[in-house]
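K.L.:
Shown below is the structure under consideration.
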């Protein structure tokens with residue numbers, strides 16, 4: 001790998017590529033966190049990195065809220081509990097018992113909660129690239145979440161994406177502006193344990209799922 | 001950095017983290033490709049990596065089509081041309097002239113075209129995590145696109161995400177199953193040039209946009 005000068009494109013050697021694959025494979029969705037605090041400057045540094053993600057028309061529509069208030073966190077936890085109870089009702093028998101035993105969020109333990117939104121009122125990008133696929137604005141925020149996740153993991157942090165949540169209620173709970181759509185609610189912290197296999201496999205929710213990388217040709 | 005044993009979690013040192021930041025910063029959306037061919041085995045390897053992306057309930061709903069047929073590619077190009085002409089009409093005067101001069105896709109030159117879909121009929125994941133946020137299924141595919149993009153860039157390949165396209169017409173053009181929703185149409189090839197700044201800035205569409213990494217607190 002050559003050094004990265006300010007204006008010379010970097011090249012990435014086989015060793016880097018192998019480590020990068022390790023990063024992708026060991027990323028994981030984390031629900032079991034240590035309660036150790038995280039320096040907020042580290043979160044800020046990771047968001048600086050996340051802000052280099054692709055966004056349609058360079059619109060950078062991501063908005064990050066650090067949810068610190070205990071009362072707001074309680075509201076988020078109540079939101080999750082209600083949605084998780086409703087989700088449980090969709091399963092029956094053995095499957096319902098399995099679901100009930102899963103730990104699907106680390107909202108109590110994670111020292112940092114990040115609510116990530118897409119600002120649908122942004123003027124940045126001047127509409128470029130999203131006339132026929134307006135969902136590109138939301139997708140840009142998903143890419144930023146994924147970048148944040150990877151960068152966090154490289155720093156030894158775990159991230160858990162909580163989607164068992166009413167997104168409109170959550171936006172109200174954290175007092176987000178009207179034009180902001182919730183894309184992700186993230187728990188961030190140091191993981192209690194690390195695994196290369198998904199927790200859903202380890203806990204019996206699903207059999208081992210081989211990676212699905214089939215390439216169709218037309 | 002320690003080595004990554006089969007069951008020992010990897011750690012990532014400062015050198016790797018710096019290179020990873022280079023990768024994020026130099027990723028870029030590419031529209032200017034060399035026509036040099038790419039070994040399809042490399043694309044397959046990159047999709048193997050992409051398949052390690054996070055997906056809701058480990059549903060892995062991504063579906064990849066390698067669009068090889070010249071007739072299908074012509075249909076895609078006609079689709080893009082029509083949508084781009086319609087997009088141009090939304091701008092006026094100087095701004096329209098600027099838009100008309102932008103090169104917004106490398107569909108003619110890129111040796112590989114990948115159409116990436118989300119399979120809304122997949123049973124994988126058994127619905128877990130997407131009752132209140134069904135859009136999580138689409139978001140999972142966005143994460144896979146981003147992983148593919150990063151892995152491709154590490155291998156020296158450029159990727160351009162074409163969103164100026166009618167997604168339903170495109171799905172028909174590549175004969176995708178009914179339940180597949182188009183998430184991304186990707187041009188892939190070796191880039192003609194590499195830059196750390198977005199083409200939209202270099203070509204005068206927008207002034208320099210500082211990375212937006214603001215962290216709000218509630």
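Chains as they are written, first to last, in UniProt numbering: chain A, 1 to 218; chain B, 1 to 218.
Glycine included, C-beta positions come from ideal geometry on N, C-alpha and C.
#1: Looking only at its own chain, which residues have a Cβ that is under 6 angstroms from the Cβ of residue 103 (chain B), when we skip the five neighbours before and after it?
#2: Please confirm if residue 146 (chain A) has its CB atom under 8 angstroms from at least one CB of chain B.
#3: Check for me: the beta strand (DSSP E) holding residue 66 (chain A) runs from which residue to which?
#4: Check for me: the alpha helix (DSSP H) holding residue 148 (chain A) runs from which residue to which?
#5: Is it true that the stretch 199-214 of chain A meets the stretch 138-146 of chain A, where meeting means three or more beta-carbon pairs spaced less than 8 angstroms apart?
#6: Please classify residue 146 (chain A): is it buried, with 16 or more other beta-carbons within 10 angstroms of its beta-carbon, or exposed?
#7: For the alpha helix (DSSP H) that residue 119 (chain A) lies in, which residues bound it at each end?
#8: Note down, in chain order, every chain A residue with its Cβ under 8 angstroms from the Cβ of residue 74 (chain B).
#9: In chain order, what residues of the same chain have a beta carbon less than 7 angstroms from the beta carbon of residue 90 (chain B), not counting five sequence neighbours either side?
#10: How about residue 49 (chain A): is its C-beta nearer than 8 angstroms to some C-beta of chain E?
#11: Take the Cβ of residue 132 (chain B) as the centre, count every other Cβ of all protein chains shown within 10 Å, and call the residue buried at 16 or more, exposed below.
#12: Tell me the DSSP bridge mates of residue 180 (chain A)?
#13: Beta-carbon of residue 200 (chain A) versus every beta-carbon of chain B: anything under 8 angstroms?
#14: What's the gap between the Cα of residue 58 (chain A) and the Cα of residue 67 (chain A)?
#15: Relative to the alpha-carbon of residue 19 (chain B), which residue among A:22, A:11 and A:21 has its alpha-carbon at the smallest distance?
#16: Counting only C-beta atoms, is residue 127 (chain A) closer than 8 angstroms to chain B at any point?
#17: Do you know whose CA, among B:105, B:106, B:109 and B:88, lies nearest residue 99 (chain B)'s CA?
#18: Relative to the C-alpha of residue 149 (chain A), which residue among A:13, A:182 and A:27 is closest?
#19: At a Cβ threshold of 8 angstroms, is residue 213 (chain A) touching chain B?
#20: According to DSSP, is residue 190 (chain B) part of a helix, a strand, or is it coil?
#21: Quick one: grab the DSSP three-state call for residue 217 (chain A).
#22: Which residues does DSSP pair with residue 33 (chain A) in a beta bridge?
#23: Which residues, taken in chain order from the stretch 92-125 of chain B, show a beta carbon closer than 7 angstroms to some beta carbon of chain A?
#24: Please compile the residues from chain B whose C-beta is within a distance smaller than 9 angstroms of the C-beta of residue 190 (chain A).
#25: Among B:94, B:135, B:49 and B:118, whose alpha-carbon lies nearest the alpha-carbon of residue 181 (chain B)?
#26: Measuring CB atoms only, is the stretch 198-213 of chain A touching the stretch 35-55 of chain A, in the sense that at least three cross pairs come out at less than 8 angstroms?
P.N.:
Here's the rundown:
#1: If we look at residue 103 (chain B) and ignore the five residues flanking it on each side, its Cβ neighbours are 31.
#2: Chain B, which has a Cβ nearer than 8 angstroms to the Cβ of residue 146 (chain A), makes this yes.
#3: Looking at the DSSP string, the run of the beta strand (DSSP E) that includes residue 66 (chain A) is 62-66.
#4: That run of the alpha helix (DSSP H) goes 136-154.
#5: No: fewer than three Cβ pairs fall under 8 angstroms.
#6: Answer is buried; the Cβ neighbour count reaches 16.
#7: Where residue 119 (chain A) is concerned, there is no enclosing alpha helix (DSSP H), although the beta strand (DSSP E) it sits in stretches over 112-119.
#8: Chain order gives no chain A residues near residue 74 (chain B), where near means a beta carbon separation below 8 angstroms; the closest approach is about 13 angstroms.
#9: So the list is empty, once near-sequence residues are dropped.
#10: No chain E is present in this structure, whose protein chains are A and B.
#11: Flag for residue 132 (chain B) reads buried.
#12: Note: residue 180 (chain A) sits in a beta bridge opposite A:119.
#13: For residue 200 (chain A), the answer is yes, since a Cβ of chain B falls inside 8 angstroms of its Cβ.
#14: Straight-line Cα distance between these residues: approximately 26 angstroms.
#15: Closest by alpha carbon: A:11.
#16: Yes, its Cβ sits closer than 8 angstroms to a Cβ of chain B.
#17: By alpha-carbon distance to residue 99 (chain B), the top candidate from B:105, B:106, B:109 and B:88 is B:88.
#18: The shortest Cα separation from residue 149 (chain A) among A:13, A:182 and A:27 belongs to A:27.
#19: By this cut-off, residue 213 (chain A) is an interface position.
#20: Residue state for residue 190 (chain B) is assigned as coil, using DSSP reduced to three classes.
#21: Residue state for residue 217 (chain A) is assigned as strand, using DSSP reduced to three classes.
#22: According to DSSP, which records beta bridges pairwise, residue 33 (chain A) is partnered with A:191.
#23: So the list reads 124, given in the order they occur along the chain.
#24: Those within 9 angstroms of residue 190 (chain A) in chain B number zero; the least Cβ separation is about 12 angstroms.
#25: Comparing Cα-Cα distances from residue 181 (chain B) to each of B:94, B:135, B:49 and B:118, the minimum goes to B:118.
#26: The stretch 35-55 of chain A and the stretch 198-213 of chain A do not touch, with fewer than three beta-carbon pairs separated by less than 8 angstroms.
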